[in-house]
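In our numbering, the protein residues as written are 1 to 172.
The beta carbon of each residue, even a glycine, is placed where N, CA and C say it ideally should be.
Here the structure is a predicted model, which is why all the values come from computation and not from measurement.
Working notes, beginning with the structure itself.
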């Protein structure tokens, strides 16, 4: 049934996808190790349909069933960011990353968005430093550091940082 749901989504057949998801949920036993994934896919389906409240409810149901699945926590973080709950979203995304460090690059943008929405300059600084150490050659690292400085009300330092970036660009 989940394969049918995914095929239906490719064709934007949301009603068919919902029926397929309901069937997958019905036939997956409560004690199945796949139950959390099935419920998570229902949350993803609701999110794609734009039904954010149902997506959130289903995502939390998936967490209750399978709290050790990093992808579920990442989805909770995305949903909560869209719900306007950036601090809780950041916590969910941090849990996802701790459960599966390999997800770090995938959840970075969502964590950054949540921290920026919350106006959390400290978290933005941590994320900017992490990004810079993981992607030292990527010029976006300058943007993230400058944005974190601005969020932390360090406008002079941010301006200096940007000026140094431009000097480096023109000197080479």
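Taking C-beta atoms as the reference points, residue 110 and residue 141 fail to come closer than 8 Å. Sequence-distant partners of residue 134 (beyond 5 residues in either direction) whose C-beta falls short of 8 Å from its own C-beta, in its chain, are 104, 105. Rounded to the nearest whole angstrom, the CA to CA distance from residue 159 to residue 148 is 12 Å. Inter-residue distance for residue 114 and residue 31 is about 34 Å (C-alpha atoms, whole angstroms).
No residue range can be given for residue 28, since it is assigned to no alpha helix (DSSP H) and is classified by DSSP as neither H nor E. With 16 or more other Cβ atoms inside 10 Å of its own Cβ, residue 63 counts as buried.
Where residue 106 is concerned, the enclosing alpha helix (DSSP H) starts and stops at 104-118. Under a 10 Å Cβ-count criterion, residue 29 is classified as exposed, with fewer than 16 other Cβ atoms of the shown protein chains found around its own Cβ. DSSP, reduced to helix, strand and coil, places residue 153 outside both helices and strands of the structure shown, so it counts as coil.
The DSSP-derived three-state label of residue 141 is helix. The beta carbon of residue 21 sits closer than 6 Å to those of 5, 42, 45, all from its chain and outside the five residues before and after it, given in chain order. Taken in chain order, the complete alpha helix (DSSP H) segments of 4 or more residues contained in the region 46-102 are 52-65, 70-82, 86-99.
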